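One point on numbering: in the UniProt record's numbering, the residue at position 445 of the sequence shown is 445, and numbering is uninterrupted. Think of the CB as a built atom: it goes at the ideal place given N, C-alpha and C, for glycine as much as any other residue. Nothing here was measured: the structure is a model prediction, and the numbers come from that model. Each remark here refers to the structure printed beneath this line.
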Amino acid sequence: MLLGELLDAEDLRLRPLVLPPGADSRPIVDVFTTDLPEPGRYLSGGELVLTGLVWWAGDAGAFVDALAGAGATALGAGEAALGAIPAELVEECERRGLPLFEVPASVSFAEITRRVLAENRPARPVGRRLLAVLAGRAGLNRLLDVASAELGAPCAVLSPVTGLIAGPPPPSADALVRAFLTAPRRPASVTVDGRRIRLLPADAPDRHRTVSWFVACEADPGDPDATALAEELAGLVALERARVDAGHRAERRLADQVLRALTAQADATGELLPALRIAGIAPGTPTTVLVGQGELGAALLAEILRTAVPDPVVGVRGSEAIAVVPSRPTLTSPTAPEEAVRPADRLAEAVRSGLRAVGPGLGGLRLPVGVSGTVPAGPALVAALEEARHAAGLAAARTEPTAVVTADEVDSHMLLLGSVPDEVRRAYRNRVLGPVLAYDEAHDAELVATLVAFLAHAGSWSRCAEELHLHVNTVRYRIAKVEQLTGRNLGRLDDRVDLFLALRLKS
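Here you go:
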């Protein structure tokens, strides 16, 4: 039974209080009634949890976290004990993306349980087979085999970062990922090579789509049985994803110990070395530090880095996403021989590639990343962290929302500019370069491109003209126009520096 089907039962008069997008299509695998303050240990995922709120003592955080962490489908709260659902409970469910509905005092939990079990028992033999496969730990590929046999078409599980997770490689996987990332609503459908592919999220509702798994299968939206089966499959894949996440909890605890020691204000070398050893990083191992922003930045760094190295140490400290990555032999670069690429450069390339892949799904979000040089694991990581922070600051100053800057790019003038407040940088760029940008916008005159080439060739008219495939007189005309618009004389070094810095701020 789907959550939306239960909520649509008029005689039960269930009132939704929190219903995230797509939550009504989540399957209810079982019903669990409890008044324990932290019932997570008794849940295996997919349950509708019913509670009379006897446990309520003014704080719902631990209760809701336990349900969301265990992969519960929804929470039904009875109003009988308290007379109303506490606002704090509603807020916590909104925070974790856990569907919540109010059960009127006139409706018993037993009636809701009977309704769900009666709906599930006779009507879902295929669904029971899918659930049995998942419960038997046969793996996602076997689960997809059973679903594909019922649908008569192949199914696959994909991730925007990792690509194919399980199942046969679908046609035009990149197109499917882009469609999933840009769809205004999910589930979504896309036509690829003449085939109509259904894309269904298969992850926790509160997880950002850039780090979500999704199911791609040929399920005709006009066929209710096929649609229901595809949605049930997506729900079961989401449970497997929750299992995978649970397996990473120990990694996150170890990462937190490392990052706590690394970011301590006082000298924490005595704590850092043992924490590194416990995390599997031997002292002296060549190691690189990366710095990003926030929870999503950490989630994306973890997803991306796991495709490059076995066990990256990734976590969040304050507003920073921090990764500590030891060099591994599996880390490769597709564009250069192994021996020619340094570990930090390989990591930067992997992060750039991963962020490009998810870029269409970021909307207006900015996720700049800084990458340190590679240092021996130990006290030198403290300096590497600062280096990565400086690089991240320069990445944030660029217009590209997912800029990745390495320590090698932190040259003197950009380090200086990176320490200047955003509003000052914008004002400087607009004052110096604004008239040229406006003229280019209005006339498509390519003045900026000409100025960039002119400065790159140290003011050589002939080399600039050769690069741009223009006549020298055309270059002279354009540079004269730049001088007219900006009031600068490009024969003077100080004026060249002004324009050079404004161009670097623009990039």
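Just measuring C-alpha positions, the residue of P154, A110, P160, E92 sitting nearest P169 is P154. Put simply, the segment 343–354 touches the segment 304–312. At least three CB pairs are less than 8 Å apart. Of the candidates G370, A202, P224, the residue whose Cα lies closest to the Cα of F214 is A202.
Of all alpha-carbon atoms in R504, T162, P184, V31, the one lying nearest the alpha-carbon of A110 is that of V31.
The bridge partners DSSP lists for I322 are V291, G315. Between L455 and the set D440, H469, I479, L470, the nearest pair of CA atoms involves I479. As computed with DSSP, P379 is found in no beta bridge at all. Just so you know, the alpha carbons of A175 and L451 end up roughly 37 Å apart.
Taking V90 as the centre and dropping the five residues before and after it, the same chain places the C-beta of L17, V18, L100 closer than 8 Å to its C-beta, in chain order.
With contact defined as three or more Cβ pairs closer than 8 Å, the segment 31–42 and the segment 228–247 are not in contact. Nearest to L117 by alpha-carbon distance, out of V29, L181, A105, is V29. Contact between the segment 40–56 and the segment 66–86 is present, with at least three C-beta pairs closer than 8 Å. For the 9 Å CB-CB criterion, A250 and A261 do not form a contact. Here S212 has P201, D203 as same chain residues with Cβ atoms under 7 Å from its own Cβ, once five neighbours each way along the sequence are excluded. Of the candidates G58, D444, R96, R96 places its Cα closest to the Cα of P21. Closest option to I281, judged by alpha-carbon separation, among E466, V316, D256, P326: P326. Annotated as distal: V410 and A380, with beta-carbon spacing of 9 Å or more. The DSSP-derived three-state label of A216 is strand. Its Cα nearest to that of V157, the residue R198 stands out among R198, R185, A183, V371.
The residue among R463, G61, A57, L67 with its C-alpha nearest the C-alpha of G46 is L67. The residue among S106, P205, T73 with its C-alpha nearest the C-alpha of G83 is S106. In the three-state scheme derived from DSSP, where H, G and I count as helix and E and B as strand, E409 is classed as helix. As computed with DSSP, F109 is found in no beta bridge at all.
Here the alpha carbon of S319 sits roughly 11 Å from the alpha carbon of L296. Inter-residue distance for A62 and S108 is about 25 Å (C-alpha atoms, whole angstroms). If one requires a minimum length of 3 residues, the beta strand (DSSP E) runs lying completely within the segment 184–248 are 188–192, 195–201, 214–217, in chain order.
Within the UniProt domain "PucR C-terminal helix-turn-helix" (447–505), the runs of alpha helix (DSSP H) at least 4 residues long that lie entirely inside it are, in chain order, 447–456, 461–468, 472–486.
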